[in-house]
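Residue numbers (my numbering): 12 to 307.
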């Protein structure tokens, strides 16, 4: 079974996970390089359930970094702004789904409460690690079944997938994943929305000059406060984030091989070829030309 890679997930996702009839998709990310890689802050309407098969792995959410290791589940609520830092030689699997697919026509109080929690971006989700419990083993078995069969069109298999997804969520609930809740203040909610708007602004304008001064003004922060806030929220400085996003976009054009490396660098905001080459090699461990040959 061929699975899409996590690289298809954009910083602000506009793609559809699964179909309208069956809004569930699975992804796998196997990272064999010797250096870590960042996935930019992004959000989506769907819930994201992450199974860390092999660490290290870090989720940045609520301006905090959550360190995860092998044999661990972590849940990202709908519309929560989050980023991912994949450690060297690590493997993760992702189950992305719309919770509405699990709603029952006859209301169940507990299931309703669990599904409502999946839409609560104020939740301080705690990781569920392998503590050798029956709940964890059952979660893993159900997760494996969904991954094996999620592309099947048979209605009976799809119903089983929904049932197993409910089993996973129920067991995670019993493990206490929803127990710790932080109520965000209106100020914190406003900051989160401003961060979302800033991410869109970076994406839309990454090919031109982007300054800390302009970014801070857009969020109505002082430059000093903005630098601290952005670093805490994303795990990267503003300049690191912008350059990393530009490199991600440039790497896609390099793979397609339709333009010269210099033109691609200029298209994505780099007006100095040597600076672009240096950053690219630092991120990907090779030169742009060798990267193109390797991907072709």
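By construction, the Cβ of each residue, glycine as well, lies at the ideal position given by its N, Cα and C atoms.
- Around the beta carbon of residue 117, a 10 Å sphere encloses fewer than 16 other beta carbons of the protein chains shown; the residue is thus reported as exposed.
- The segment 179-186 makes contact with the segment 139-150, as at least three CB pairs between them are under 8 Å.
- Exclusion of the five residues before and after residue 307 leaves 266, 268 as the residues of its chain whose Cβ lies within less than 8 Å of its Cβ.
- Fewer than three Cβ pairs drawn from the segment 121-138 and the segment 155-170 lie within less than 8 Å of each other, which leaves the two stretches out of contact.
- Between the segment 65-81 and the segment 235-245 there are three or more C-beta pairs closer than 8 Å, enough to call the two in contact.
- Rounded to whole angstroms, residue 213 and residue 230 show a C-alpha spacing of 12 Å.
- The segment 86-98 makes no contact with the segment 148-157; the number of CB pairs closer than 8 Å stays below 3.
- Approximately 5 Å separates the beta-carbon atoms of residue 57 and residue 107; this is inside 8 Å, confirming the contact.
- Within 10 angstroms of the beta-carbon of residue 290 lie 16 or more other beta-carbons, which makes it buried.
- Here the C-alpha atom of residue 145 lies approximately 9 Å from the C-alpha atom of residue 182.
- Take residue 52, set aside five residues on each side of it, and the residues of its chain with a beta-carbon closer than 6 Å to its own are 92, 94, 210, 245, in chain order.
- Runs of the alpha helix (DSSP H) spanning 4 or more residues and lying entirely within the segment 126-169 occur at 145-160, in chain order.
- Going by DSSP, residue 78 is part of the beta strand (DSSP E) stretching over 75-79.
- In terms of Cβ geometry, residue 69 and residue 60 do not form a close pair [threshold 8 Å].
- About 7 Å separates the beta carbon of residue 260 from that of residue 217, a gap short enough to meet the 8 Å contact definition.
- Contact between residue 156 and residue 175 holds: their C-beta atoms lie close to 6 Å from each other, under 8 Å.
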